[in-house]
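Visitor:
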Amino acid sequence: MCRFVAYLGPPVTLEALLLAPEHSLLRQSWAPRHQRHGTVNADGFGVGWYDCGRRPEPARYRTARPMWTDRSFTSLAGVVASGAVLAAVRSATPPAPVEESGAPPFTSRRWLFAHNGAVDGFREEPGIELRRRVSERARAGIEGASDAEVLFALVLDRLDAGDAMGEALAGVIATVEAVTTARLNLVLTDGGSVAATASGDSLFVRRGDGIVVASEPFDDDSCWQAVPDRSLVDARADNIVITSLGEMP
45 MCRFVAYLGP
55 PVTLEALLLA
65 PEHSLLRQSW
75 APRHQRHGTV
85 NADGFGVGWY
95 DCGRRPEPAR
105 YRTARPMWTD
115 RSFTSLAGVV
125 ASGAVLAAVR
135 SATPPAPVEE
145 SGAPPFTSRR
155 WLFAHNGAVD
165 GFREEPGIEL
175 RRRVSERARA
185 GIEGASDAEV
195 LFALVLDRLD
205 AGDAMGEALA
215 GVIATVEAVT
225 TARLNLVLTD
235 GGSVAATASG
245 DSLFVRRGDG
255 IVVASEPFDD
265 DSCWQAVPDR
275 SLVDARADNI
285 VITSLGEMP
């Protein structure tokens, strides 16, 4: 499980987005308010951000340490600003190891990805079957032992086959659910748009000065909107569209 925040809009510092709010992602690492499974997110964290004027690929900072112990991140967060960010804190699903390779967000080329949930039976036959469905190219990018990395590999295969971002996420959910049960709140960004799914845990969106797609509100602003379960979110900096996963082809 994890908590994540995706942001698109005018550049903001990582400090303002992730540390300063009253119920920031930092606070969610030890006191989440809407998390349905697990109570703390102390098994690592990561932040990815874009500077598209310099390169299309995101930069990423991640560690297996709890977010509240990382003074180096606190220091850099005040001086790094971006208009496209994906950050997450992790609660590892046993028996998944606590290691940096399992800390979201995951990245490949221009993509950032995170998964809030769990794939049932991942250490057994369902996980073996899902790995079989990953291409050699995508499999080569898997560094660790988490279900999230296999999900990301499946997403990358669908993107490479021509799927739009939302189609790729919905397609992977269908693939997984044909094999096993799972909680699959997924989020994907290329720095220009965000796609996310609500399937088994909380998800919220906020419109305003930029858009936020997050596991839970990080403040008490009345603009937050809960996303219904079994929904797909497609978001750009000026618009959010929510559709039912059941309406996807």
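Start counting the sequence shown at 45; every next residue gets the next number (the working numbering). A virtual CB, placed ideally from N, CA and C, is assigned to each residue, including glycine.
Can you look up Thr35 in the DSSP assignment and give me helix, strand or coil?
Guide: Lying outside 45 to 293, the shown extent of the chain, residue 35 is not represented and no answer is given.
Visitor: Going by beta-carbon coordinates alone, are Leu228 and Val220 separated by less than 8 Å?
Guide: Numbered from 1 along the sequence shown, position 184 holds the residue referred to as residue 228. Numbered from 1 along the sequence shown, position 176 holds the residue referred to as residue 220. Yes. Within cutoff.
Visitor: Does DSSP put Arg175 in a helix, a strand or coil?
Guide: As a first step, residue 175 must be located in the sequence shown, where it is residue number 131. Correct three-state label for Arg175: helix.
Visitor: Among Arg109, Asp278 and Ser68, whose alpha-carbon lies nearest the alpha-carbon of Leu230?
Guide: Here residue 230 refers to the residue found at position 186 of the sequence shown. For the residues Arg109, Asp278 and Ser68, the minimum Cα distance to Leu230 belongs to Asp278.
Visitor: I'd like the span of the beta strand (DSSP E) that includes Ala140, first residue to last.
Guide: Along the sequence shown, one-based indexing puts residue 140 at 96. Neither: Ala140 is in no beta strand (DSSP E) and is coded neither H nor E.
Visitor: Just verifying my parser: in three-state terms, what is the DSSP assignment at Ala208?
Guide: Taking the sequence shown and counting its residues from 1, one reaches residue 208 at position 164. Three-state DSSP puts Ala208 in coil, outside helix and strand.
Visitor: Classify Asp245: buried if its beta carbon has 16 or more other beta carbons within 10 angstroms, exposed otherwise.
Guide: One-based indexing of the sequence shown puts residue 245 at position 201. Buried, since its Cβ has 16 or more Cβ neighbours within 10 Å.
Visitor: Does the separation of the CB atoms of Ser73 and Val133 fall below 8 Å?
Guide: By one-based count along the sequence shown, residue 73 stands at place 29. By one-based count along the sequence shown, residue 133 stands at place 89. In this structure, Val133 lies closer than 8 Å to Ser73 by Cβ.
Visitor: Once DSSP output is grouped into helix, strand and coil, what is the label at Arg77?
Guide: Numbered from its first residue, the sequence shown carries residue 77 at position 33. Looking at Arg77 - three-state DSSP - the assignment turns out to be coil, as it is neither helix nor strand.
Visitor: For the alpha helix (DSSP H) holding Arg181, just list the boundary residues, first then last.
Guide: Your numbering for residue 181 matches position 137 in the sequence shown. Unbroken alpha helix (DSSP H) run through Arg181: Glu180 to Arg183.
Visitor: Give a yes or no on whether the minimum CB-CB distance between Asn229 and chain C is below 8 Å.
Guide: Absence of chain C from the displayed structure is noted, only one protein chain being present.
Visitor: On the premise that Ala128 lies in contact with Gly210, defined as a C-beta separation below 8 Å, what is that separation, rounded to the nearest angstrom?
Guide: Translated into the one-based positions of the sequence shown, residue 210 becomes position 166. Translated into the one-based positions of the sequence shown, residue 128 becomes position 84. Not really, about 17 Å apart at Cβ, beyond 8 Å.
Visitor: What does DSSP give as the partner residues of Phe298 in its beta bridges?
Guide: Residue 298 is absent from the structure shown; the chain starts at 45 and stops at 293.
Visitor: Buried or exposed: Val256, going by 16 or more other Cβ atoms within 10 Å of its Cβ?
Guide: The residue labelled residue 256 in the question sits at position 212 within the sequence shown. Val256 is buried by the Cβ-count criterion.
Visitor: Note down the Cα distance separating Ala242 from Pro102, rounded to an integer number of angstroms.
Guide: Here residue 242 refers to the residue found at position 198 when the sequence shown is read from its first residue. Here residue 102 refers to the residue found at position 58 when the sequence shown is read from its first residue. Whole-angstrom Cα-Cα distance: 24 Å.
Visitor: Let me make sure I understand the geometry here. Which of Glu193, Thr107, Gly252 and Phe89 has the alpha-carbon closest to that of Cys46?
Guide: Counting from one through the sequence shown, the residue named residue 46 turns up at place 2. Comparing Cα-Cα distances from Cys46 to each of Glu193, Thr107, Gly252 and Phe89, the minimum goes to Phe89.
Visitor: Would Gly254 and Leu52 be called neighbours here (beta carbons separated by less than 8 Å)?
Guide: Here residue 254 is taken as the residue at index 210 of the sequence shown, counted from 1. Here residue 52 is taken as the residue at index 8 of the sequence shown, counted from 1. A contact, by the Cβ cut-off of 8 Å.
Visitor: Which class does Ser237 belong to by DSSP, given the choice of helix, strand or coil?
Guide: Here residue 237 corresponds to residue number 193 of the sequence shown, with the count starting at 1. DSSP places Ser237 in strand when its eight states are reduced to three.
Visitor: DSSP has Trp112 in a bridge; who is on the other side?
Guide: Here residue 112 refers to the residue found at position 68 when the sequence shown is read from its first residue. Paired residue(s): none; Trp112 is not in a bridge.
Visitor: For Val23, tell me which candidate among Leu61, Val56 and Arg104 has the shortest Cα-Cα distance.
Guide: Shown here, the chain extends from 45 to 293; a query on residue 23 therefore has no answer.
Visitor: Could you tell me the alpha carbon to alpha carbon distance between Ala197 and Pro149, rounded to whole angstroms?
Guide: For the purposes of this step, residue 197 is taken as residue 153 along the sequence shown, with counting starting at 1. For the purposes of this step, residue 149 is taken as residue 105 along the sequence shown, with counting starting at 1. Rounded to whole angstroms, Ala197 to Pro149 spans 13 Å at the Cα level.
Visitor: Which one or two residues does DSSP pair with Leu276 in a beta bridge?
Guide: Position 232 of the sequence shown holds residue 276. Paired residue(s): Thr241 and Thr287.
Visitor: In angstroms with no decimal places, state the Cα-to-Cα distance between Arg109 and Asp87.
Guide: Translated into the one-based positions of the sequence shown, residue 109 becomes position 65. Translated into the one-based positions of the sequence shown, residue 87 becomes position 43. Approximately 6 Å between the Cα atoms of the pair.
Visitor: Between the beta-carbon of Pro55 and the beta-carbon of Ser126, is there less than 8 Å?
Guide: Position 11 of the sequence shown, counting from 1, holds the residue named residue 55. Position 82 of the sequence shown, counting from 1, holds the residue named residue 126. Yes; because the gap between Cβ atoms is below 8 Å, this pair is in contact.
Visitor: Count the other CB atoms, across all protein chains shown, that sit within 10 Å of the CB of His81; report buried if there are 16 or more and exposed otherwise.
Guide: Working through the sequence shown from its first residue, we reach residue 81 at position 37. Exposed, since its Cβ has fewer than 16 Cβ neighbours within 10 Å.
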